[in-house]
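For any residue, its number in the working numbering is found by taking its place in the sequence shown, counting from 1, and adding 1311.
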Amino acid sequence: MSNLYQVFRDHFDLSRPLLIDAAGKTIATYQDLEQRSAQFAMALMQLGLKPGDRVAVQTEKSIEALYLYCGCLRAGLIYLPLNTAYGAHELNHFLQDATPSLLMVDPARANDHGAGSILTLTMDRFGQGRLTNLAQDCPTSHSIEPRAPDDIAVIVYTSGTTGLPKGAMISHNNLISNAQTLTSAWGWTQADVMLHTLPIFHVHGLFVGLHLPLLTGSAMIFQPSFEAAAVRTALAHATVFMGVPTYYTRLLSQGIHQKDCEGMRLFISGSAPLLAQTFQDWEAATGTVILERYGMSETGMNTANPLDGARKPGTVGPPLPGVECLVVNDAGDVLPVGETGHLWVRGPNVFQGYWQNVEKTAESFTPDGYFKTGDLAVIDDEGYISIVGRSKDLIITGGLNVYPKEIELVLDAIDGVMESAVIGLPHPDFGESVCAVIVSLPEVDLTPEFIFDQIKTRLANFKTPKKIFFLQNLPRNTMGKVQKNQLREQFSDAAHNQ
Ligand code: AMP
């Protein structure tokens, strides 16, 4: 029996709190989860859905949305989370590709989802709507559909390295193994309280954020979105917090300090690189050390800094138990310690392939089962991995490889620089030229000349940015990832004046 929900069920105690509020009061118990998810499973069956059918969900985060997710798992349906920011055009691609049997949308989008003939029901940000009503009339017990280990539990759409988003098929066993690995690596127990502020349409908030509490039967404080002030208040009743790096910088600028974090045992960061400066500022302000980990939609979590032992800034730690990582050159030969190359991973966490895309699946795996992540990485002599960036962001200038991260680290260390993003822009001679986009600290007036002066002895000529641009903020998506394609577009005109 490999149904993920069954594995949760085997571990949680019905009488314990599932959700508590920021003051520590119980809002829902595991009994509520068991009963409400059974009702959703039954309502979905009554609508005619059968195991293996897809349920596309583009709703706001709510308790009912959590019950619906668990209802899909226990009915053997394939859950398909969709970013709430997607517009009708993007939605159309997912719906045509995944052919779901049901689409759940926010009522505000009821007439604007491009679902055509697909059965569409609404769920609002409080979790109310037609399916919730149908579920309320269903019995509160329902069997859990048996699943084979490789049966698909969730399809997550991801852009990966290129092209249109592809549906990564994630099996029950992928999710079970990753959740078990992480609960043990992070010492998670029933006594933990997770402060959950991430969206649940992405692997970070859906898999890591929810599965660890559910697998240990521990409680969550479940906030609809990240609000720095609300987080500071809720920390008093939490023990673990997970966030993207932006959450940490916002909490720092809100003046978070040691007193806010007294009951906290773990702060975890991922989904985008955490600046070494943020890591250090956080430790100075709160007395706690952020644990940075690395994962992706296709693989769940691959590496993590240790719970006990050194957490090194700028690294994502060694591979998690059971996960194998290789850093290889273009020919696929394993590189020595300290050399940058393509990161490949293999393990029970790695997905089953892209939905109805045999070609892309074949391209993404080696014959011996390593998944080519599309990330560039380097391993140090203690086995800690640093992510250098996506291989699509690698700059090739005059035939030479330039890794943006190396230049960004030099720029970030300059007084007055808050952060930077290095991109390649088209160049008539070099193919691409290295260009830098810099965000200065508030009230600091930096000039390109000053920056050039600072870096001229620290970078080889071919790595030195040829142009420097300034912005107030770097464009980021909801998961805190810098949108380098947007920067390339924005500054591509400047390339013609080089
Ligand atoms: P997604 O599939 O949306 O979760 O994005 C996965 C990608 O996010 C990875 O392939 C990495 O490029 C990036 N990523 C995730 N965690 C980290 C991290 N801790 N440091 C740097 N990049 C990260």
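Where is the CB? At the ideal position from N, CA and C, for every residue including glycine.
This structure is a prediction, so every number in the text was calculated from the model and none was measured.
- A distance below 7 Å between beta-carbons, with the five flanking residues on each side excluded, links Cys-1381 to the following residues of its chain, in chain order: Tyr-1316, Leu-1344, Ser-1348.
- In the structure shown, the three-state DSSP call for Thr-1589 is helix.
- No Cβ-Cβ contact shorter than 8 Å links Asn-1712 with Val-1656.
- Pro-1476 and Lys-1570 have their C-alpha atoms roughly 43 Å apart.
- Sorted by position in the chain, Thr-1469, His-1513, Val-1514, His-1515, Ser-1580, Gly-1581, Ser-1582, Ala-1583, Pro-1584, Leu-1585, Glu-1603, Arg-1604, Tyr-1605, Gly-1606, Met-1607, Ser-1608, Glu-1609, Val-1627, Thr-1684, Gly-1685, Asp-1686, Ile-1698, Arg-1701, Met-1790, Lys-1792 make up the residues whose C-beta lies under 7 Å from a heavy atom of ligand 1.
- Only buried fits Leu-1391, as 16 or more other CB atoms lie within 10 angstroms of its CB.
- Where Lys-1778 is concerned, the enclosing beta strand (DSSP E) starts and stops at 1778 to 1781.
- Just so you know, the alpha carbons of Phe-1802 and Leu-1736 end up roughly 8 Å apart.
- Pairwise C-beta distances place the region 1477 to 1490 out of contact with the region 1334 to 1341, as fewer than three of them are shorter than 8 Å.
- Cα atoms of Pro-1715 and Gly-1700: separation of roughly 7 Å, rounded to the nearest angstrom.
- Assignment of beta-bridge partners to Phe-1533 by DSSP yields His-1507.
- Out of Thr-1597, Gly-1498, Gly-1398, Phe-1682, the CA that lies nearest to the CA of Ala-1615 is found in Gly-1498.
- In this structure, the straight-line span from the alpha carbon of Ile-1749 to that of Glu-1800 is close to 16 Å.
- The three-state secondary structure of Pro-1759, taken from DSSP, is helix.
- DSSP lists no beta-bridge partner residue for Trp-1497.
- Under DSSP, Glu-1717 takes part in no beta bridge, so it has no partner.
- Within the DSSP bridge table, the entry for Cys-1636 names Val-1656 as partners.
- Cβ-Cβ separation between Ala-1409 and Ile-1466: approximately 6 Å, consistent with a contact (criterion under 8 Å).
- When rounded, the separation of the alpha-carbon atoms in Ser-1428 and Thr-1560 is 44 Å.
- With respect to the C-alpha of Met-1353, the residue from Ala-1386, Pro-1328, Phe-1578 having the closest C-alpha is Ala-1386.
- One thing to note: Gln-1534 has its Cβ within 8 Å of the Cβ of Ala-1541.
- Put simply, the backbone Cα of His-1548 is about 35 Å away from that of Asp-1723.
- With respect to the C-alpha of Pro-1659, the residue from Thr-1610, Gly-1335, His-1522 having the closest C-alpha is Thr-1610.
- In this structure Ile-1734 is not in contact with Gln-1765, their Cβ atoms being roughly 19 Å apart against a cut-off of 8 Å.
- Ranked by Cα distance from Ala-1747, the options His-1513, Ile-1718, Leu-1358 are led by Ile-1718.
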